[in-house]
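**Q**
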Amino acid sequence: MNGIGDFCWVLHSQLSIIESFIICYFLG
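Position 22, counted from 1, in the sequence shown is what the numbering used here calls 263; the numbers after and before it change by one each time, with no gaps.
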């Protein structure tokens with residue numbers, strides 16, 4: 242979960258909140 246959380250924070254800095262949320266939703 243921590244690894245996914247860190248990955249999602251990286252996505253938030255690179256993508257929009259919506260895009261990163263969708264990706265993290267499918268990953269997590």
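Backbone N, C-alpha and C define an ideal beta-carbon position, used for all residues, glycine too.
So S261 is in the alpha helix (DSSP H); what residue range does that whole segment cover?
**A** Run containing S261: I258 to L268, per the alpha helix (DSSP H) assignment.
**Q** If the criterion is Cβ atoms closer than 8 angstroms, does the pair C265 and L256 meet it?
**A** No.
**Q** Between the alpha carbons of D247 and I258, how many angstroms are there, rounded?
**A** Their Cα atoms are separated by approximately 14 angstroms.
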